[in-house]
Amino acid sequence: MTDIAVPKMSAASTPLSDDDAIYVAQSSGAVDRKCSPLDIAKRALDTEGLPETGGTVITSKDLGTQSSGTLTIEVSGRKLQHYTNGGAHVLTATGSTGFCFLDITNNGSAGAIDTSAFTHVSGDSFTTGNGDKFHCTLVVGNVGTTLEVIAI
Amino acid sequence: MADIRIPDCDAASVPLSNGDFLMIDQNLTLPNGAGGFLDDTRYCTPPNISQRALDTEGLSETGGTVIATKGLGNIASGTLTIDVGTRKLQFYSNAGAHILSPGANTGFCYLDITNVTGAGAITTSGWDKVVGSFTTNVGDQFRCLATIGPATKVLKVIATISSGSDTEDWESWLLTTL
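Residue numbers (the working numbering), protein chains in the order written: chain A, 91 to 242; chain B, 35 to 212.
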């Protein structure tokens, strides 16, 4: 069949939500198809070698204040994440491969950060001074988890 | 022009494959499984759809992209403000003393700097931390990583590629050696 031109929409329409599906009814005898906006967007992530001439502004993911226990970073959560060191705790990463940048800011109760779960840790050491800041690069790959620390 | 009505899907439908095209025509009759249409109409643009992936955490990614580097031109004076949101790979030529500053947008990008004739000192202003340093030797190149978050603005020179053609140094070496 010949292609069908896609006409312009009016601005008064309602934007698609994540729950909306795009439904395509094909000609008689063919099977109807469906997909969600996310299905379509996902194609780009799973295609190698696509050209990229744009950029993104990343909203840093706020992980809150960590005062004890273990903070496990999910690198797939966002490329830019941050949290407040409010007490001694363990910092580790999940098994999901990828990378992210992680900013840590000490508050008045900041404690030692145990990074022993990482495969390799490099750069500056963490301190516990109130207001001290650290910029970290966290990579989870085939050889393990690496953490690079820059004291600000 | 009337909007296109996008009806509900029924579970019996077959998901789109990579080879399928989305074809929408205003005269196309789209069933919703209940003999009617939604009361309201919906629209979307290609950026609307692409934004879904950017705003969804934890998606798997098995592809990659070839990034066209963004040229920022020759900077010979004044202030160059880096907007990390415009492209993940950017570059410019140092053609004179200038100030290098972070923009307001959060994110990160790699920044390549090449010293050309007239290269001057780069004053880094507005960063919370700068790791590494620059030279003014013509031909020297620098790869930097700029990361801007709500708590820190960091510029890290992760590699310096020396031109190896610093004639003044060679002349000095020759004079002191011969």
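The C-beta atom is built at its ideal place from N, Cα and C for all residues, glycine as well.
Opposing strand residues paired with residue i [DSSP bridges]
{"i": "residue 224 (chain A)", "result": "A:194 and A:241"}
{"i": "residue 184 (chain B)", "result": "In DSSP, residue 184 (chain B) forms no bridge with anything."}
{"i": "residue 149 (chain B)", "result": "B:128"}
{"i": "residue 189 (chain B)", "result": "B:164 and B:180"}
{"i": "residue 132 (chain A)", "result": "Beta-bridge pairing links residue 132 (chain A) to no other residue."}
{"i": "residue 229 (chain A)", "result": "A:189 and A:236"}
{"i": "residue 175 (chain B)", "result": "B:148 and B:195"}
{"i": "residue 141 (chain B)", "result": "B:182"}
{"i": "residue 203 (chain A)", "result": "A:179"}
Enclosing beta strand (DSSP E) for residue i [first to last residue]
{"i": "residue 164 (chain A)", "result": "Unbroken run through residue 164 (chain A): none, as it is neither H nor E."}
{"i": "residue 134 (chain B)", "result": "132-136"}
{"i": "residue 109 (chain B)", "result": "104-109"}
{"i": "residue 100 (chain B)", "result": "99-101"}
{"i": "residue 154 (chain A)", "result": "151-156"}
{"i": "residue 211 (chain A)", "result": "210-213"}
{"i": "residue 183 (chain A)", "result": "179-183"}
{"i": "residue 91 (chain B)", "result": "Careful: residue 91 (chain B) lies outside any beta strand (DSSP E) and carries neither H nor E."}
{"i": "residue 116 (chain B)", "result": "113-116"}
{"i": "residue 174 (chain A)", "result": "170-175"}
{"i": "residue 158 (chain B)", "result": "156-158"}
{"i": "residue 142 (chain A)", "result": "140-142"}
For residue i, the nearest candidate out of the options (CA to CA)
{"i": "residue 98 (chain B)", "options": "A:160, A:156, A:162 and A:142", "result": "A:142"}
{"i": "residue 194 (chain B)", "options": "B:171, B:187, B:181 and B:182", "result": "B:171"}
{"i": "residue 83 (chain B)", "options": "A:184, A:173, A:232 and A:133", "result": "A:133"}
{"i": "residue 101 (chain B)", "options": "B:116, B:138 and B:120", "result": "B:120"}
{"i": "residue 186 (chain A)", "options": "A:136, A:235 and A:129", "result": "A:235"}
{"i": "residue 232 (chain A)", "options": "A:136, A:184, A:221 and A:197", "result": "A:184"}
{"i": "residue 129 (chain B)", "options": "B:105, B:122, B:155 and B:104", "result": "B:155"}
{"i": "residue 147 (chain B)", "options": "B:169, B:127, B:188 and B:191", "result": "B:127"}
{"i": "residue 159 (chain B)", "options": "B:131, B:150 and B:125", "result": "B:131"}
{"i": "residue 133 (chain B)", "options": "B:104, B:87 and B:153", "result": "B:153"}
Test: residue i CB closer than 8 Å to a CB of chain C
{"i": "residue 162 (chain B)", "result": "Of the protein chains in this structure, namely A and B, none is chain C."}
Contacting positions in the segment 128-146 of chain A - beta carbon closer than 9 Å to chain B: 128, 129, 130, 131, 132, 133, 134, 135, 136, 137, 138, 139, 140, 141, 142, 143, 144, 145 and 146
Are three or more beta carbon pairs between the segment 164-183 of chain A and the segment 86-101 of chain B nearer than 8 Å? yes
With contact counted as at least three CB pairs below 8 Å, one residue from each stretch, are the segment 157-165 of chain B and the segment 138-157 of chain A in contact? The segment 157-165 of chain B is not in contact with the segment 138-157 of chain A.
Proximal residues, the segment 195-221 of chain A versus chain B, C-beta separation under 9 Å: 195
Within 8 Å of chain A by C-beta, residues of the segment 84-100 of chain B in sequence order: 84, 85, 86, 87, 88, 90, 91, 92, 93, 94, 95, 96, 97, 98, 99 and 100
Cβ contact check for the segment 225-241 of chain A and the segment 185-195 of chain A: 3 or more pairs under 8 Å: yes
Could you list the residues in the segment 168-185 of chain B with a C-beta less than 8 Å from some C-beta on chain A, going in chain order? 181, 183, 184 and 185
Count Cβ pairs between the segment 105-117 of chain B and the segment 204-212 of chain A that sit closer than 8 Å; are there 3 or more? no
Whether or not the segment 174-182 of chain A and the segment 125-137 of chain B are in contact is what I'm after, with contact meaning three or more pairs of Cβ atoms, one per stretch, closer than 8 Å; do they touch? no
Compile a chain-ordered list of the residues in the segment 108-127 of chain B whose CB is closer than 7 Å to at least one CB of chain A. 119, 120, 121 and 122
Can you pull out the residues from the segment 143-167 of chain A whose beta carbon lies closer than 9 Å to at least one beta carbon of chain B? 143, 144, 145, 146, 147, 148, 149, 150, 151, 152, 164, 166 and 167
Any C-beta of chain B within less than 9 Å: which residues of the segment 221-232 of chain A qualify? The segment 221-232 of chain A vs chain B, Cβ under 9 Å: 223, 224, 225 and 227.
Closer than 8 Å, Cβ to Cβ, to anything on chain B: give me those residues from the segment 164-192 of chain A, in chain order. 164, 166, 167, 168, 169, 170, 172, 186, 188 and 191
Using a Cβ cut-off of 8 Å, which residues of the segment 185-197 of chain B contact any Cβ in chain A, in chain order? 185, 186, 188 and 190
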